[in-house]
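One structure is given below, encoded as structure tokens.
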Amino acid sequence: MNERLSKDPLHGITLEMQVTALVNHYGWSQLGRIIKINCFNKDPSIKSSLKFLRRTPWARTEVEALYLDMLEDDSIEEAQLPSTDPWENHRK
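Following this line, the structure appears as structure tokens:
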């Protein structure tokens, strides 16, 4: 079993998955303020955003960077949350 693991953090994550996650996390209005492109500000939709991002490399790069930042921020927040298991300290 010789499996290759990609070092690319976006491996297997489609652009549609990224945009959907960003919209769920930030909402269209905040996403439009963070990344200043019209497809996030004027009549936003996943479909129109994907069409624009697939044709515009600089905008896609911005979306991918924001997605990675969002994942990193979420993982930091999860690491800082206290455990909800009341017996965790007892087991150590």
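1 is the number of the first residue of the sequence shown in this note's numbering; add one for each residue after it. Heads up, the beta-carbon is just placed ideally off N, CA and C, and yes, glycines get one too. It should be emphasised that the depicted structure is a prediction, and the values quoted were computed from it without experimental measurement.
When we look at the beta-carbon of residue i and count the other beta-carbons within 10 Å, is it buried (16 or more) or exposed?
i          : result
residue 31 : buried
residue 22 : buried
residue 5  : exposed
Round the Cβ separation of residue i and residue j to the nearest angstrom and send it over; I've been treating them as touching at under 8 Å.
i          : j          : result
residue 15 : residue 50 : 6 Å
residue 72 : residue 10 : Rounded, the Cβ-Cβ distance is 13 Å, inconsistent with contact.
Could you work out which residue in the options is closest to residue i when comparing CA atoms only?
i          : options           : result
residue 70 : 12, 7, 5 and 20   : 20
residue 57 : 13, 12, 37 and 29 : 37
residue 45 : 34, 27 and 33     : 27
residue 59 : 7, 34 and 43      : 34
residue 29 : 48, 13 and 42     : 42
residue 74 : 25, 12, 7 and 17  : 25
_Segments assigned alpha helix (DSSP H), at least 4 residues, entirely inside the region 6-87_ = 15-26, 28-34, 38-41, 46-55 and 57-80
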